[in-house]
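Peer 1: Residue numbers (our numbering), protein chains in the order written: chain A, 164 to 502; chain B, 164 to 502. A virtual CB, placed ideally from N, CA and C, is assigned to each residue, including glycine. There's a structure below that I have some questions on.
2 protein chains.
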Amino acid sequence: MIRHPLHRLRVLFLCAVLLAGGCATLQPDPLPSWSEGPARQAIVDFVRQATDSASARFVPADRRIATFDQDGTLWVEQPMYAQVMFALDRVRDVVRAQPALAGEEPFKTVLSGDRAAMAKLTERDLFRIVAASEGGVSTDEFQEIVKRWLATAKHPRFQRPYTDLVYAPMLEAMKYLRANGYRTYIVTGGGQQFVRAFAEEVYGIPPEQVVGTMFKLNYEKRDGKPTLMQAPEIFFVDDKGGKPVGINMVIGRRPQAAFGNSDGDQQMLEWAAGGAGAHLAMIVLHDDAAREYAYGPAAGQPDSKVGTFTQALHDEAKKSGWIVISMQRDWKRVFAFER
Amino acid sequence: MIRHPLHRLRVLFLCAVLLAGGCATLQPDPLPSWSEGPARQAIVDFVRQATDSASARFVPADRRIATFDQDGTLWVEQPMYAQVMFALDRVRDVVRAQPALAGEEPFKTVLSGDRAAMAKLTERDLFRIVAASEGGVSTDEFQEIVKRWLATAKHPRFQRPYTDLVYAPMLEAMKYLRANGYRTYIVTGGGQQFVRAFAEEVYGIPPEQVVGTMFKLNYEKRDGKPTLMQAPEIFFVDDKGGKPVGINMVIGRRPQAAFGNSDGDQQMLEWAAGGAGAHLAMIVLHDDAAREYAYGPAAGQPDSKVGTFTQALHDEAKKSGWIVISMQRDWKRVFAFER
């Protein structure tokens with residue numbers, strides 16, 4: 164039988180098509196914890212546009228930046244920010260180093276162990292406790308102190324380490340973005356040093372990709388050794404309008420994707436959404452009391468102490484085409500420890 | 164002829180040896196502008212130790228960080244820092260935007276064009292002029308303004324753009340370090356935004372790897388568009404003890420190699436030299452009046468307005484085993500434009 168010389172080419176072509184199809188089918192779903200829906204679709208569409216060099220919204224690989232708020236966006240922030248829990252637990256050590264604080268508020272109340280009184284501490288009180296928890300130690304010592312705390316502390320409701328309470332869908336989104344050339348940054352109102360202590364292990368995010376609230380550092384020689392000492396004094400608040408500023412300080416580029424959950428993130432979302440090329444702004448709505456918490460607009464309590472998802476933010480999101488992630492509808496699984 | 168079965172193996176081995184030798188010979192010298200001597204040798208030894216996994220001083224690839232001061236370390240800082248020249252040239256535009264400044268010192272003196280009077284401006288005056296040059300524009304506008312200036316301004320002695328006055332040996336050292344897994348950062352007392360405007364093109368250093376003095380930024384909406392506006396107000400001085408602090412803010416890791424030229428770099432050098440693993444601290448000594456400048460200890464003028472290489476720094480260097488780079492002896496070529 165004489166075969167047409169193109170036969171071989173046809174066979175090869177067929178094989179290639181089959182292989183390509185096979186690959187697509189075999190490739191594991193990069194977002195298995197996300198339900199089909201507009202939130203998941205927005206992420207996939209964003210990545211497709213940004214990485215398609217034929218698209219008008221293409222973004223060159225070295226410019227691909229995605230920023231993530233932490234508390235309430237990457238992990239649980241209820242009933243209180245983990246860093247505040249850490250700072251409360253550290254008050255005894257702080258007072259041991261500075262005994263005069265024992266008689267001063269808010270430290271006196273914390274030392275009393277009176278839970279009703281502690282619940283009444285104001286945001287300012289809590290901030291003072293956090294600042295005190297950062298002071299008086301070197302940056303290296305602080306990393307160790309935070310790591311030790313995370314290894315033993317448990318979340319009051321879930322009775323698990325805080326680092327277990329990271330949202331599985333967000334870890335997947337981060338990995339998916341990284342696999343598509345994005346550098347992922349945490350941009351948190353929490354302390355930069357605090358978050359650096361676990362960001363690499365928990366999120367795969369190295370210290371240079373953590374932007375956060377900064378306390379004053381002083382370079383000193385301690386026993387002749389160069390040391391960076393932490394002072395209990397605020398240097399930079401990485402929240403609201405501070406987030407784009409912190410992004411400029413540490414990254415010097417404008418992100419195209421931003422993920423947040425509160426009005427502390429609004430300016431970062433605006434900043435990311437307002438640039439050229441493909442962009443994506445997403446807000447986590449906590450509307451899942453069963454698996455996590457329901458608060459903010461979902462529970463008619465826009466003014467809780469943490470993560471204020473205000474009506475204004477909701478309106479802005481709608482107006483600007485930002486994507487609201489409903490924990491209940493958009494996430495098949497909230498935590499990695501769920502089956 | 165019957166050959167021993169090992170013959171083939173021997174031939175293969177011989178070929179491999181020849182090829183390996185051939186490769187070593189063919190590999191171009193990564194530091195062609197450096198003369199043979201202790202400075203060049205220190206760089207080569209440092210890289211060999213840091214990258215040899217069998218060495219006790221091995222540093223894992225993801226921790227390899229090298230920091231470089233800019234003025235006087237990477238490019239010419241005489242007769243005055245390029246950024247001050249820029250700021251002086253920009254006074255007219257600053258006064259146009261804020262006419263009240265025309266009657267105020269030091270702006271009045273600069274506008275007068277009286278060179279003798281300008282030479283008498285104090286460091287504080289110059290700093291005020293630099294701060295004014297940063298203010299009143301967005302971060303994006305400022306990048307364009309600096310780029311335009313660099314495209315036309317010429318150095319008074321060399322009559323070339325400032326970006327031509329980068330030291331070829333330092334560019335080679337940067338590339339060599341990068342080829343060996345180092346991330347190279349600029350850590351400058353100069354303005355972070357100013358240096359970012361050319362660092363990528365001139366040094367191959369992206370914006371997120373530029374640490375510098377920071378002026379206040381304000382997030383605003385201008386004509387409804389999110390904007391980062393620069394204020395003429397200091398936020399962070401990246402000099403002396405501020406250098407290790409700036410390194411922590413932006414990098415969050417301790418460098419193992421640092422390059423400087425003045426007492427503004429001493430703490431950065433201490434910080435890099437004081438950690439674990441292979442480390443390297445180098446100081447450029449300007450002792451070459453013919454090809455560049457001679458100042459500091461080389462000229463018995465330790466208190467020039469720029470780049471103060473004090474006797475104390477010299478003593479510290481000797482005591483700590485830091486390597487002094489003699490421009491005259493250690494650099495075959497200073498600028499890339501030399502043959």
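Spell out the partners DSSP gives Val497(A) in its beta bridges.
Peer 2: One-based indexing of the first sequence puts residue 497(A) at position 334. The partner list for Val497(A) (beta bridge, DSSP) is empty, contrary to what the question assumes.
Peer 1: Considering only DSSP beta bridges, list what Pro389(A) is partnered with.
Peer 2: Along the first sequence, read from residue 1 onward, the residue named residue 389(A) stands at position 226. Answer is Lys384(A), bridged to Pro389(A).
Peer 1: Looking only at its own chain, which residues have a Cβ that is under 6 Å from the Cβ of Lys406(B), when we skip the five neighbours before and after it?
Peer 2: As a working note, residue 406(B) is residue 243 in the second sequence. Here the set comprises Val350, Gln430, Met431.
Peer 1: Please confirm if Gly185(A) has its CB atom under 8 Å from at least one CB of chain B.
Peer 2: For this step, residue 185(A) is matched to residue 22 along the first sequence. Its pLDDT being 46, under 50, Gly185(A) is placed unreliably by the model, and nothing is read from it.
Peer 1: I think Ala245(A) touches Lys310(A), with their Cβ atoms under 8 Å apart; what is that distance to the nearest whole Å?
Peer 2: The count along the first sequence starts at 1 and reaches residue 245(A) at position 82. The count along the first sequence starts at 1 and reaches residue 310(A) at position 147. The pair is not a contact, with the Cβ atoms about 13 Å apart (cut-off 8 Å).
Peer 1: Residue ranges of each beta strand (DSSP E) run of no fewer than 3 residues wholly in the stretch 347–418 of chain A, ordered along the chain?
Peer 2: 373–385, 388–399
Peer 1: May I ask you to list, following chain order, the residues of the stretch 406–436 of chain A that have a beta carbon less than 7 Å from some beta carbon of chain B?
Peer 2: Result list: Pro407, Val408, Asn411, Met412, Val413, Ile414, Gly415, Arg416, Gln430, Glu433, Trp434.
Peer 1: Using a Cβ distance threshold of 8 Å, determine whether the stretch 285–296 of chain B contacts the stretch 385–397 of chain B, with at least three qualifying pairs required.
Peer 2: yes
Peer 1: May I ask you to verify whether the stretch 320–327 of chain A touches the stretch 190–210 of chain A, counting CB pairs closer than 8 Å and requiring at least 3?
Peer 2: no
Peer 1: Residues of the stretch 358–376 of chain A in Cβ contact with chain B at a cutoff of 8 Å, in chain order, please.
Peer 2: Interface annotation for the stretch 358–376 of chain A against chain B: Arg359, Pro369, Pro370, Glu371, Val373, criterion Cβ-Cβ distance under 8 Å.
Peer 1: With a threshold of 8 Å between beta-carbons, can Leu181(A) be considered close to chain B, or not?
Peer 2: By one-based count along the first sequence, residue 181(A) stands at place 18. Its pLDDT being 48, under 50, Leu181(A) is placed unreliably by the model, and the measurement read from it follows with that caveat. False, the Cβ-Cβ gap to chain B never drops below 8 Å.
Peer 1: List, in order along the chain, the chain B residues whose C-beta lies closer than 7 Å to that of Tyr382(A)?
Peer 2: On the first sequence, position 219 is the one that residue 382(A) refers to. Within 7 Å Cβ-Cβ: Gly404, Pro407, Val408, Gln430.
Peer 1: How should Pro191(A) be labelled, buried or exposed, when 16 other C-beta atoms within 10 angstroms of its C-beta is the threshold for buried?
Peer 2: The residue labelled residue 191(A) in the question sits at position 28 within the first sequence. Per the 10 Å Cβ criterion, exposed.
Peer 1: Could you please tell me which residues of the stretch 281–305 of chain A, in chain order, have their CB closer than 7 Å to any CB of chain B?
Peer 2: Thr302
Peer 1: Based on Cα-Cα distance, which residue from Asn424(A), Asp428(A), Ala436(A) lies nearest to Leu448(A)?
Peer 2: The residue given as residue 448(A) occupies position 285 in the first sequence. The option with the nearest alpha carbon to Leu448(A) is Asn424(A).
Peer 1: Can we say the stretch 261–274 of chain A touches the stretch 470–482 of chain A, given the rule of at least three CB pairs closer than 8 Å?
Peer 2: no
Peer 1: Whole angstroms are fine: how far does the CA of Pro369(A) sit from the CA of Gly184(A)?
Peer 2: Here residue 184(A) refers to the residue found at position 21 of the first sequence. Here residue 369(A) refers to the residue found at position 206 of the first sequence. Bear in mind that a pLDDT of 47 at Gly184(A), under 50, signals an unreliable position, so the number given afterwards is only what the model happens to contain. Looking at the two C-alpha atoms, the distance is approximately 36 Å.
Peer 1: Can you name the start and end residues of the alpha helix (DSSP H) that Leu251(A) belongs to?
Peer 2: As a working note, residue 251(A) is residue 88 in the first sequence. Start and end: 245–260.
Peer 1: Whether or not the stretch 221–230 of chain A and the stretch 437–444 of chain A are in contact is what I'm after, with contact meaning three or more pairs of Cβ atoms, one per stretch, closer than 8 Å; do they touch?
Peer 2: yes
Peer 1: Under DSSP, the beta strand (DSSP E) around Phe422(B) begins and ends at which residues?
Peer 2: Here residue 422(B) corresponds to residue number 259 of the second sequence, with the count starting at 1. Note, Phe422(B): beta strand (DSSP E), 420–423.
Peer 1: Applying a beta-carbon distance threshold of less than 7 Å, which residues of chain B neighbour Gly388(A)?
Peer 2: Position 225 of the first sequence, counting from 1, holds the residue named residue 388(A). The question names Gly, but residue 388(A) is Lys in the sequence shown. Neighbours of Lys388(A) in chain B, taken as residues at a C-beta separation under 7 Å, are given in chain order as Gly437.
Peer 1: Pull up the distance between the alpha-carbon of Arg320(A) and that of Phe249(A), whole angstroms please.
Peer 2: Counted from its first residue, the first sequence places residue 320(A) at position 157. Counted from its first residue, the first sequence places residue 249(A) at position 86. Cα to Cα, Arg320(A) sits roughly 16 Å from Phe249(A).
Peer 1: Let me know the secondary structure DSSP gives Trp485(B) once reduced to three states.
Peer 2: If you number the second sequence from 1, residue 485(B) lands on position 322. Coil at Trp485(B), not helix or strand.
Peer 1: How is the alpha helix (DSSP H) around Ala213(B) delimited, first residue to last?
Peer 2: In the second sequence, the residue the question calls residue 213(B) occupies position 50. Note, Ala213(B): alpha helix (DSSP H), 201–214.
Peer 1: Would Leu274(A) count as contacting chain B if we go by Cβ distances under 8 Å?
Peer 2: Here residue 274(A) refers to the residue found at position 111 when the first sequence is read from its first residue. False, the Cβ-Cβ gap to chain B never drops below 8 Å.
Peer 1: Is the beta carbon of Val254(A) closer than 8 Å to that of Val273(A)?
Peer 2: Your numbering for residue 273(A) matches position 110 in the first sequence. Your numbering for residue 254(A) matches position 91 in the first sequence. Cβ distance < 8 Å, so Val273(A) and Val254(A) count as in contact.
Peer 1: So the candidates are Trp197(A), Ile228(A), Asp215(A); which of them puts its Cα closest to the Cα of Pro418(A)?
Peer 2: Locating residue 418(A) in the first sequence gives position 255, counting from the first residue. Selected option, being the one with the closest Cα: Ile228(A).
Peer 1: What number of angstroms, rounded off, separates the C-alpha of Ile486(B) from the C-alpha of Lys317(B)?
Peer 2: Within the second sequence, numbered from 1, the residue matching residue 486(B) stands at position 323. Within the second sequence, numbered from 1, the residue matching residue 317(B) stands at position 154. Using only the alpha carbons, I get a separation of about 32 Å.
Peer 1: Using only the alpha-carbon positions, how far apart do Cys186(B) and Glu335(B) sit?
Peer 2: Walking along the second sequence from the start, residue 186(B) turns up at place 23. Walking along the second sequence from the start, residue 335(B) turns up at place 172. Note that Cys186(B) has pLDDT 46, beneath the 50 cutoff, so the model's placement of it is unreliable and the number below is only indicative. If I take the Cα positions, the gap works out to 20 Å.
Peer 1: First and last residue of the beta strand (DSSP E) that includes Val447(B)?
Peer 2: Locating residue 447(B) in the second sequence gives position 284, counting from the first residue. It spans 443–448 - the beta strand (DSSP E) in which Val447(B) sits, taken as one unbroken run.
Peer 1: Assuming the contact rule is C-beta atoms closer than 8 Å, Arg496(A) and Ser196(A) should be a hit. Round their C-beta distance to whole Å, please.
Peer 2: Counting from one through the first sequence, the residue named residue 496(A) turns up at place 333. Counting from one through the first sequence, the residue named residue 196(A) turns up at place 33. Correct: roughly 4 Å between the Cβ atoms.
Peer 1: Could you tell me the boundaries of the alpha helix (DSSP H) in which Ala435(A) lies?
Peer 2: One-based indexing of the first sequence puts residue 435(A) at position 272. Element bounds for Ala435(A): 429–436.
Peer 1: Does any CB atom of chain B fall closer than 8 Å to the CB of Lys482(A)?
Peer 2: Residue mapping note: residue 482(A) aligns to position 319 of the first sequence, counting from 1. No - not a single Cβ of chain B is within 8 Å of the one on Lys482(A).
Peer 1: Am I right that Arg416(B) and Glu455(A) are in contact with their C-beta atoms under 8 Å? What's the rounded C-beta distance?
Peer 2: The sequence position of residue 416(B) within the second sequence is 253, counting from 1. The sequence position of residue 455(A) within the first sequence is 292, counting from 1. The pair is not a contact, with the Cβ atoms about 34 Å apart (cut-off 8 Å).
Peer 1: Just checking: is the beta-carbon of Met164(A) within a distance shorter than 8 Å of some beta-carbon in chain B?
Peer 2: As a position in the first sequence, residue 164(A) is number 1, starting the count at 1. Low confidence applies here, because Met164(A) scores a pLDDT of 48, under 50, leaving its location unreliable and the question unanswered by this model.
Peer 1: In whole angstroms, what separates the C-alpha of Ala462(A) from that of Asp450(A)?
Peer 2: Taking the first sequence and counting its residues from 1, the one referred to as residue 462(A) is at position 299. Taking the first sequence and counting its residues from 1, the one referred to as residue 450(A) is at position 287. Looking at the two C-alpha atoms, the distance is approximately 7 Å.
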